[in-house]
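J.:
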Amino acid sequence: MNLDKIFHLKEHGTDLKTEIIAGITTFMTMAYILAVNPNILAESGMDRGAVFTATALAAFIATCLMALLSNYPFVLAPGMGLNAYFTYTVVFGMGYTWQMALAAVFIEGIIFILLSLTNVREAIFNAIPMNLKHAVSVGIGLFITFIGLQNAKIVVENPATKVGMFSFKACIADGTFRTVGITVLLALLGILITGILLALNVKGNILWGILITWALGIVCELTGLYQPNPELGMFSVIPDFSAGIAVPSLAPTFMQMDFSKVFTMDFLVIMFAFLFVDMFDTLGTLIGVASKADLLDADGKLPKIRGALLSDAIGTSVGAMLGTSTTTTFVESASGVADGGRTGLTGIVAAILFGLSLFLSPIFLAIPGWATAPALIIVGFLMMTSITKIDFEDLTEAIPAFICIIAMPFMYSISEGIAMGIITYVVLNLVTGKFKEKKINALMYILAIVFVLKYILV
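What the sequence shown shows, in our numbering, is residues 400 to 857, in sequence order.
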């Protein structure tokens with residue numbers, strides 16, 4: 400098989416080795432979803448094993464579609480945030496069954512397929528000004544950095560200041576250093592190691608950073624320096640094959656959607672919430688990662704975006720049929736891009752690993768969040784470099800860009816960053832009269848109104 404003919408590797412300035420390393424890196428930074436998604440959805444009453452299988456299969460199918468329909472290095476899986484909304488808001492808060500929530504996700508996917516085929520989502524992507532697109536990339540960089548800092552417990556909750564630095568003094572005093580403190584230390588060491596590898600221009604530096612940090616964790620566990628404690632969310636980092644190799648049955652969640660409440664107002668609100676977050680999280684991720692990979696053309700458009708959006712939409716509906724919450728394009732795709740991934744071959748490698756994870760789950764589930772955290776933090780740094788492309792001389796461009804950037808980490812949402820950025824952009828340019836010379840796309844005005852109404856009504 401001539402992979403260059405299929406994925407146009409030379410044309411994109413990449414090669415087979417680079418794409419394989421990039422795919423492994425992206426998968427490694429995303430593998431946590433295989434453990435986290437089943438845990439969150441299981442709280443809604445779903446079967447944990449079935450959700451694990453659905454998560455891996457949804458990621459495999461959607462990512463293969465992305466690679467084949469768009470040839471972009473984007474990887475998809477059931478998204479964080481959306482799974483929490485599924486369980487804690489829709490099921491616990493509103494009293495819906497998980498079967499009804501799956502129906503909302505399925506219909507959302509169908510609507511997205513129609514919107515993708517009719518160019519609506521593509522038009523929204525193209526309507527966003529270039530400065531805001533650069534801001535989205537920077538905002539995502541800060542957002543995934545914050546996620547990395549949280550995953551490593553370097554940043555923790557603080558009653559007085561909301562968030563704060565992890566206290567080594569406190570963990571030594573309460574005897575949790577060997578459980579939590581040592582992993583924070585390893586994560587900090589991992590950041591330095593990954594940074595050094597990046598500075599030395601070592602091929603696959605981000606992947607090596609993950610593997611070295613994980614290996615150090617294994618050494619610490621074997622020597623007793625690290626002591627797992629599931630009650631504190633700290634698990635063994637050594638793969639456990641004691642239960643053998645078996646793929647959990649999909650039967651408890653497959654095609655279990657309940658459409659009995661489709662025509663109620665509550666159902667429409669739920670579906671709109673899934674729709675809104677998924678749409679703008681996906682657009683934000685595509686903008687940010689594509690910008691970092693230099694995939695946008697001179698006009699700020701993403702060629703073959705229809706295939707990318709269609710893959711995301713189909714993945715959402717297929718995921719609901721299998722039995723998982725919304726499948727979306729992962730911001731962690733930026734880690735593979737940072738490692739040189741430029742084509743769909745990166746995605747195919749990651750998809751294959753998701754498929755293999757069904758049989759080798761003990762290996763992938765042993766990779767702790769604090770080992771992948773350094774990768775997210777370093778990728779955050781790389782995405783921050785897009786800030787140099789923002790026009791800070793024109794305040795009607797710079798201020799909306801700034802609002803977009805800070806909203807993502809502080810509001811913990813890519814979609815909120817885009818919404819705030821667009822509203823600010825439209826208002827500032829209208830009030831200052833600059834909208835005439837800039838010829839702002841009409842869709843920007845529509846989006847600004849929709850976002851304002853969302854904040855008022857939803």
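Where is the CB? At the ideal position from N, CA and C, for every residue including glycine.
Which same chain residues, not among the five before or five after A818, have their C-beta less than 6 Å away from its C-beta?
T.: The answer, listed in chain order, is F850.
J.: What number of angstroms, rounded off, separates the C-alpha of L764 from the C-alpha of A430?
T.: Near 7 Å, if we compare the C-alpha coordinates of A430 and L764.
J.: Nearest-angstrom Cα distance between W607 and T745?
T.: Between W607 and T745, the C-alpha separation is close to 17 Å.
J.: Can you tell me whether DSSP reads N550 as helix, strand or coil?
T.: Reduced to three states, the DSSP call for N550 is helix.
J.: Using a threshold of 8 Å, state whether the C-beta atoms of A466 and G687 are closer than that.
T.: In this structure, G687 does not lie closer than 8 Å to A466 by Cβ.
J.: Beta-carbon within less than 7 Å of I822's beta-carbon, same chain only, minus the 5 sequence neighbours each way: which residues are those?
T.: The answer, listed in chain order, is A847, F850 and V851.
J.: Need the endpoints of the beta strand (DSSP E) that L475 sits in, please.
T.: Counting along the chain, the beta strand (DSSP E) containing L475 begins and ends at L475 to P477.
J.: With a cut-off of 8 Å on the beta carbons, I'd call L757 and T452 a contact; round off their distance for me.
T.: About 6 Å; that satisfies the 8 Å criterion.
J.: Would you please state the rounded distance, in angstroms, between the beta carbons of S734 and T424? I believe it to be under 8 Å.
T.: S734 to T424, Cβ: 5 Å. Contact.
J.: Going straight from the alpha carbon of I802 to that of A534, what length do you get?
T.: Using only the alpha carbons, I get a separation of about 9 Å.
J.: What's the call for L631, buried or exposed, on a 16-neighbour Cβ count within 10 Å?
T.: So L631 counts as exposed.
J.: Rounded to whole angstroms, what's the CA-CA distance from L615 to F753? Just pull it up for me.
T.: Roughly 24 Å separates the two Cα atoms.
J.: Looking only at DSSP bridge pairs, what is N628 linked to?
T.: Looking at the DSSP assignment, N628 forms a beta bridge with M633.
J.: Out of Y471, S641, T684 and F545, which has the shortest C-alpha to C-alpha gap to E418?
T.: Comparing Cα-Cα distances from E418 to each of Y471, S641, T684 and F545, the minimum goes to Y471.
J.: Could you give the residue range of the alpha helix (DSSP H) that holds G563?
T.: Run containing G563: none in the alpha helix (DSSP H); it sits in the beta strand (DSSP E), K561 to M564.
J.: Considering only C-alpha positions, which residue in the set F666, G722 and K532 is nearest to F679?
T.: Checked all of F666, G722 and K532; the closest Cα to F679 is K532.
J.: Could you tell me whether the stretch 517-532 touches the stretch 792-809, using the rule of 3 or more Cβ pairs below 8 Å?
T.: In short, these stretches touch, since the Cβ pair count reaches three.
J.: Could you check the C-alpha separation between I581 and I605 for me, to the nearest Å?
T.: In a straight line, the C-alpha of I581 is about 21 Å away from that of I605.
J.: Is it buried or exposed, I510, if we count other Cβ atoms within 10 angstroms and call 16 or more buried?
T.: Classification of I510: buried, given that the 10 Å Cβ count is 16 or more.
J.: Thinking C-alpha only, which one of F542, N828, E815 and I527 is nearest T795?
T.: For the residues F542, N828, E815 and I527, the minimum Cα distance to T795 belongs to N828.
J.: Nearest by alpha-carbon distance to V668: which of N438, V489, F406 and P627 is it?
T.: Comparing Cα positions, the closest option is V489.
J.: Please return the same chain residues whose Cβ sits closer than 7 Å to the Cβ of F640, not counting the five positions on each side in sequence.
T.: Closer than 7 Å at Cβ, skipping near neighbours: P761.
J.: Using only the alpha-carbon positions, how far apart do I432 and K788 sit?
T.: So the alpha carbons of these two residues sit roughly 33 Å apart.
J.: With DSSP as the reference, label S661 as helix, strand or coil.
T.: Contrary to the premise, residue 661 reads as Val rather than Ser in this sequence. It is coil, neither helix nor strand.
J.: Which one of N840, A650, L610 and F653 has the shortest CA to CA distance from V636?
T.: Nearest of N840, A650, L610 and F653 to V636, Cα basis: L610.
J.: Quick one: Cα of I751 to Cα of T496, how far?
T.: Computed Cα separation, rounded: 33 Å.
J.: Do T725 and G574 count as a contact pair if the criterion is CB distance below 8 Å?
T.: No, the pair does not count as a contact, with Cβ atoms beyond the cut-off.
J.: Can you tell me which residues form a DSSP beta bridge with L727?
T.: Before going on, a small fix: residue 727 reads as Thr here, not Leu. DSSP lists A476 as partners of T727.
J.: Would you mind sorting N482 into buried or exposed? The rule is 16 or more other CB atoms within 10 Å of its CB.
T.: Under this definition N482 is a buried residue.
J.: Looking only at its chain, what residues have a beta carbon closer than 6 Å to the beta carbon of A502, apart from the 5 residues adjacent to it on each side?
T.: Answer for A502: M656, D657 and F658, listed in chain order.
J.: Let's see if you can read the secondary structure: which residues bound the alpha helix (DSSP H) around V618?
T.: Segment N604 to T622, the alpha helix (DSSP H) holding V618.
J.: Can you give me the Cβ contacts of G768 inside the same chain, cut-off strictly under 6 Å, excluding the 5 residues immediately before and after it?
T.: Excluding sequence neighbours, G768 sits near Y431 and N550.
J.: Can you look up E796 in the DSSP assignment and give me helix, strand or coil?
T.: Helix, per DSSP.
J.: Could you check whether the Cβ of S469 sits closer than 7 Å to any heavy atom belonging to the ligand ATP?
T.: As presented, the structure is devoid of all ligands, the ligand ATP included, so that no description of it is given.
J.: Using CA coordinates, which residue listed in L685, M564 and L695 is at the minimum distance from V554?
T.: Closest by alpha carbon: M564.
J.: Alpha carbons only, please: which of T663, A712 and G422 is nearest the one belonging to I747?
T.: Out of T663, A712 and G422, G422 has the C-alpha closest to the C-alpha of I747.
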